[in-house]
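Sequential numbering of the sequence shown, starting at 17, is according to this note's numbering. Glycine included, C-beta positions come from ideal geometry on N, C-alpha and C. Remarks on the structure that follows.
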Amino acid sequence: MERRHQTENFLQGKWIFNNDKVIGDETCQYIEYLINNYLEKRATDKAGWEVLYIDPEDNRYWELTYMQGELHGGGPPTLKVVSQEYIQNKY
């Protein structure tokens, strides 16, 4: 898998229900790829559900969240660019 354009600022995965299995779509896989290969973990929120990362290539901050709290595990992942002001207020 290759990295996409650095103009990205919001990635939202989706779950695919196939027979009795639930799998992440291509965006879920890409988010996991970025977390494991490019982004560096910086902080975790108090609840432990949201994680702050930095991209060392362009110094943008990304927050990993799970926006569908009604689903098991919070649903599929979302990765979005966040501002310094947002970080200071939250982390």
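| Item | Value |
| --- | --- |
| For Y102, report the span of its alpha helix (DSSP H) as first-last. | 100-106 |
| Does the Cβ of T94 have 16 or more other Cβ atoms within 10 Å, making it buried, or fewer, making it exposed? | buried |
| Are the beta-carbon atoms belonging to Y54 and D71 less than 9 Å from one another? | yes |
| Just reading off the beta strand (DSSP E) that Y69 is part of, what are its end residues? | 67-70 |
| Excluding the 5 residues preceding and the 5 following Q100 in the sequence, name in chain order all residues of the same chain whose CB lies nearer than 8 Å to its CB. | Y77 |
| Nearest-angstrom Cα distance between I39 and H21? | 25 Å |
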